[in-house]
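One structure is given here, and the rest of the page talks about it.
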Amino acid sequence: MIIEGQQREDRIVYEVTEIHRDETIKEFLKKRLNISSRLLTKLKKNQSILLNDHYVKYHESVKEGDIIKIVMTEEPSQFEGEDIPQEIVYQDVDLIIINKYPGIVTHPTKSHQQGTIANAAQYYLNKKGLNCRIRFVNRLDMDTSGLLIIAKNPYAHHILSEQMQDNQVEKKYTAFVEGVVEKDFDTIDAPIYRPAIESIKRVVDEKGQKSTTKYRVIERYKDATMIEVQLLTGRTHQIRVHMTHIGHPLIGDSLYGKASNLVNRQALHASYLKFFQPRYGKLVEVKGELPEDLKELQQKLR
Numbered sequence: 001m002i003i004e005g006q007q008r009e010d011r012i013v014y015e016v017t018e019i020h021r022d023e024t025i026k027e028f029l030k031k032r033l034n035i036s037s038r039l040l041t042k043l044k045k046n047q048s049i050l051l052n053d054h055y056v057k058y059h060e061s062v063k064e065g066d067i068i069k070i071v072m073t074e075e076p077s078q079f080e081g082e083d084i085p086q087e088i089v090y091q092d093v094d095l096i097i098i099n100k101y102p103g104i105v106t107h108p109t110k111s112h113q114q115g116t117i118a119n120a121a122q123y124y125l126n127k128k129g130l131n132c133r134i135r136f137v138n139r140l141d142m143d144t145s146g147l148l149i150i151a152k153n154p155y156a157h158h159i160l161s162e163q164m165q166d167n168q169v170e171k172k173y174t175a176f177v178e179g180v181v182e183k184d185f186d187t188i189d190a191p192i193y194r195p196a197i198e199s200i201k202r203v204v205d206e207k208g209q210k211s212t213t214k215y216r217v218i219e220r221y222k223d224a225t226m227i228e229v230q231l232l233t234g235r236t237h238q239i240r241v242h243m244t245h246i247g248h249p250l251i252g253d254s255l256y257g258k259a260s261n262l263v264n265r266q267a268l269h270a271s272y273l274k275f276f277q278p279r280y281g282k283l284v285e286v287k288g289e290l291p292e293d294l295k296e297l298q299q300k301l302r
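For the sequence shown, counting from 1, position 162 maps to 162 in UniProt numbering; every step adds exactly one.
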């Protein structure tokens, strides 16, 4: 069981209970903590696994009452911290969740090497006295606002990434689309394809990857609709492609639809996440409030 009061961002401390006695260290780490073979190899190389405060080989057995510590040695930070205000909506020993403002890039690129969420998060963690690398579990386009998960250690990143791949993370978005959507709810099942390596735009094509999106109507207006969207797969631009495919592109989406004088970006916000906390296994639900530009858009449409 997890020993409360001894947990840190870079350290997991666990007391072996009777149910796990006589398992090897390797069996225990894989079964109880779901640590992958790849991460096990890295931890072994760094001599990061301690049994009763002594380094041990993975083939050794554990007994009830033994204390296992996983000490995660961090590599140097890869980003320079910048004092960029952001809304932190959730944090614990393993992660932080930011409700990202629109117009800011998640991760540095050739054209945006500074002023990103990564720089803002690095500054925030440094200010807290934490030597953590920035590890994004999910990403958002520059002009999409909403919830971003950042893991504070490699274990949390591994577990949360596995949850993402296994569709155990429930992701919902709020979007404003052009036209009045007739169905109260529906599922869009249409493969998404990248027609060329240099292409930013995606299309619906049978050659593409399976892509599934569910939506439900929240509010209808004269010439627009507010919807809640749930992703069952995670393709690039999935919501934008699928809503355009059914004739309802996002308001303000100049790539898949047209620019709008009501809002100067695509009207899309990552509004809800539900997942299992990596270390404790408890269910975490987080909601991200709409930013001001989408609140204003909603009022204009009404």
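The C-beta atom is built at its ideal place from N, Cα and C for all residues, glycine as well.
- Taking 8 Å as the cut-off, the beta carbon of Lys-63 is found closer than this to the beta carbon of Val-16.
- Under the three-state reduction of DSSP, His-112 is assigned to coil, being neither helix nor strand.
- DSSP places Tyr-155 in the uninterrupted alpha helix (DSSP H) bounded by 154-165.
- A straight-line Cα-Cα distance of about 9 Å links Ala-267 and Asp-293.
- CA-to-CA, the gap between Arg-135 and Gln-113 works out to about 17 Å.
- Spatial neighbours of His-107 in its own chain (CB-CB distance under 8 Å, excluding positions within 5 residues in sequence) are listed in chain order as Thr-116, Ile-117, Ala-118, Phe-136, Arg-139.
- Secondary structure of Gln-277 (DSSP, three-state): coil.
- Cβ-Cβ distances below 6 Å link Lys-258 to nothing in the same chain once the five nearest sequence neighbours on each side are left out.
- If you check the CB distance, His-248 and Val-169 do not come in under 8 Å.
- Under the three-state reduction of DSSP output, Val-286 falls in the strand class.
- According to DSSP, Leu-147 shares a beta bridge with Asn-99.
- Here Arg-135 carries a strand assignment [DSSP, helix/strand/coil].
- Lys-183 has its alpha-carbon roughly 17 Å from the corresponding atom of Ile-239.
- Under the three-state reduction of DSSP output, Arg-21 falls in the coil class, being neither helix nor strand.
- Ranking Pro-76, Tyr-173, Met-164 by CA distance to the CA of Pro-278 puts Met-164 first.
- A check of alpha carbon separations from Ile-150 across Val-89, Lys-127, Thr-144 identifies Val-89 as the nearest.
- The alpha-carbon of Ala-120 is positioned some 5 Å away from that of Ile-84.
- Thr-174 has Glu-228, His-269 as its beta-bridge partners, per DSSP.
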